[in-house]
Amino acid sequence: MHLLDSPIRSEELLVKTFGIKHRFYASSSEPLSHKELIELAEKHGDRDLIDLYNDHSLGYAENSGSLDLRTELATLYGPEIDADNIVVFPGAQTGMTLTTLSLLRPGDHSIVITPSYQSLEEGIKIAGSDFTRVTLSPKNNWQVDVAAIEAAIRGNTKYIVFNDPHNPSGSLMSAQTKKELVELAERHNILLFSDEVYRLLELAPKMRSASIAEMTENGIALGTMAKPFGAGGTCIGWVACQDKDIIEKLRKAQHIFAVCFARAGEIQAMMVLRVRESIVEKNMNIIKENLALLEDFFAKNGDLFEWMPPQAGGTGFVKFKGPLTSDQLAKELLEQEILVFPSSIFDCEDELKQYFRIGFSRRTMPAALDAFKEFVDERRESWGFPRS
Ligand SMILES: Cc1ncc(COP(=O)(O)O)c(C=O)c1O
Numbered sequence: 001m002h003l004l005d006s007p008i009r010s011e012e013l014l015v016k017t018f019g020i021k022h023r024f025y026a027s028s029s030e031p032l033s034h035k036e037l038i039e040l041a042e043k044h045g046d047r048d049l050i051d052l053y054n055d056h057s058l059g060y061a062e063n064s065g066s067l068d069l070r071t072e073l074a075t076l077y078g079p080e081i082d083a084d085n086i087v088v089f090p091g092a093q094t095g096m097t098l099t100t101l102s103l104l105r106p107g108d109h110s111i112v113i114t115p116s117y118q119s120l121e122e123g124i125k126i127a128g129s130d131f132t133r134v135t136l137s138p139k140n141n142w143q144v145d146v147a148a149i150e151a152a153i154r155g156n157t158k159y160i161v162f163n164d165p166h167n168p169s170g171s172l173m174s175a176q177t178k179k180e181l182v183e184l185a186e187r188h189n190i191l192l193f194s195d196e197v198y199r200l201l202e203l204a205p206k207m208r209s210a211s212i213a214e215m216t217e218n219g220i221a222l223g224t225m226a227k228p229f230g231a232g233g234t235c236i237g238w239v240a241c242q243d244k245d246i247i248e249k250l251r252k253a254q255h256i257f258a259v260c261f262a263r264a265g266e267i268q269a270m271m272v273l274r275v276r277e278s279i280v281e282k283n284m285n286i287i288k289e290n291l292a293l294l295e296d297f298f299a300k301n302g303d304l305f306e307w308m309p310p311q312a313g314g315t316g317f318v319k320f321k322g323p324l325t326s327d328q329l330a331k332e333l334l335e336q337e338i339l340v341f342p343s344s345i346f347d348c349e350d351e352l353k354q355y356f357r358i359g360f361s362r363r364t365m366p367a368a369l370d371a372f373k374e375f376v377d378e379r380r381e382s383w384g385f386p387r388s
């Protein structure tokens, strides 16, 4: 498949709706400002990083990510991962696509767990690899079915791709399921690519299990500054992996596509990482407050919507029980300047045509929910449901 054959559906929609009033779909945490970051760094005593930022050269930075940033990123993982096990990319999306292009060739087979972030599948198509989708279902709380994955394995299966914590449903793979998946991958010598961009946003820290990169040499984990920290503007994503041969391939791919990153973004990312506990705590408080509002709304509107409370991340997948598909609903919402992601963004199977994604990690969510409430109240009767 040619690179331009499948534009990224969400990005196409976002370009068209850039100035929209209510971003009820948004998935990354409340954006940090640079001023706020400097204040946090000062309070934390990270004068070295502030000086580094003020004095840094605008010349080329180290390709594949500067050593100081990779050292700081390695602190997110256990002893299995150090700076040499990390390759930095200009954002997680670039990381996932280049990793897939580096590791797959035509004739290989992959398994993709869906619904999922589109680029997870596009890289496989561009690499010319055949693939099988294994679909998550609300019937088992969006949990991965390891037996279904095993049934999809062929002699040439090389790669299993999934996203955990899961966008759009907000589900989290249990430690036991992850263990079974690792055993399966090791038995069949298959690589596990785990998009972990929503990691650290578990509703309770004890729900967090090990990263796939810590668990097995077959594991490749993807991370980003955007989702947990609200620092997507640093344009820093990364891949962590124990296998140095894979790391070497990723470094080469990185050399082909970018000479280096903005050093400013790297230093800002280091500042974020040093104070990450307070940033994540602030972001989790926003998420929890927003979830309480959503719980209340969905409890009062249970005739119209099915809501499965998420376990992690900033997104939930809601079922609309009214007479429209989620795409029709989203189109009407758009006319009222409310943006949600309908099922077509995730190229969902028919079973999921009534589902749409909402986001709840921003301070602007309560206003979006108020506008959504008004929209719903105005249409209830025309949809054949009693006035609330
Ligand atoms: C599951 C998932 N992976 C990756 C990305 C891309 O992350 P980044 O913005 O860091 O490129 C997103 C963004 O929405 C996402 O939801």
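Numbering follows this note's numbering, with no gaps: position 281 of the sequence shown is 281.
Positions of the beta carbon are idealized from the N, C-alpha and C atoms, including for glycine.
Predicted model only: the values in this text are computed from it and were never measured.
Check each candidate in the options and name the one with the smallest Cα separation from residue i.
i    : options                : result
R199 : M215, E214, K227       : K227
L192 : I267, S66, V161        : V161
P90  : G314, F341, C260       : C260
A83  : D48, D243, T157, P205  : D243
P412 : E183, Q336, L329       : Residue 412 is absent from the structure shown; the chain starts at 1 and stops at 388.
F375 : L339, F360, D347       : L339
G128 : G384, I38, D108, S137  : D108
H188 : M207, T157, A204       : T157
A74  : A269, A292, N218       : A269
D350 : Q336, R362, D327       : D327
S64  : I267, G232, R251, E186 : R251
P205 : E277, R363, E11, D377  : E277
Y355 : K321, R387, F257       : K321
S110 : I124, S382, H56        : I124
H44  : I279, E180, K179       : I279
G232 : I20, Y60, N85, S33     : S33
M173 : K300, G384, P310       : P310
Classify residue i as helix, strand or coil using the three-state DSSP reduction.
i    : result
P323 : coil
P168 : coil
P366 : helix
E80  : coil
I160 : strand
F298 : helix
H44  : helix
G359 : strand
W238 : strand
A221 : strand
G316 : strand
E306 : strand
P228 : helix
I338 : strand
H34  : helix
H22  : strand
W383 : helix
K288 : helix
D51  : helix
K244 : helix
I8   : coil
A262 : coil
V15  : helix
L329 : helix
R70  : helix
M1   : coil
A61  : coil
Q268 : helix
For residue i versus residue j, is the C-beta spacing smaller than 9 Å?
i    : j    : result
A148 : A175 : no
L29  : L201 : Looking at the sequence shown, residue 29 is not Leu but Ser. Their beta carbons are under 9 Å apart, which means S29 touches L201 by this criterion.
M271 : A26  : no
W238 : V87  : yes
R133 : I345 : no
I212 : M225 : no
A240 : L76  : yes
F317 : P106 : no
T135 : P115 : yes
H22  : A262 : no
I246 : I190 : no
T99  : E122 : no
I286 : S361 : yes
A368 : F24  : yes
R274 : E72  : yes
L104 : D195 : no
T315 : I256 : no
P31  : G230 : yes
Chain C beta carbons: is any one of them nearer than 9 Å to that of residue i?
i    : result
D327 : Although the question refers to chain C, the structure presented lacks it and comprises just one protein chain.
Just list the alpha helix (DSSP H) runs in the region 171 to 216, keeping only unbroken ones of 4 residues or longer that don't cross its boundaries, in chain order.
175 to 188, 212 to 215
List in chain order: all unbroken alpha helix (DSSP H) runs of 4+ residues lying wholly within the region 78 to 134.
92 to 103, 118 to 126
Whose CB is closer than 6 Å to a heavy atom of ligand 1? List the residues in chain order.
S27, G91, A92, Q93, Y117, N163, N167, D195, V197, T224, A226, G232, G237
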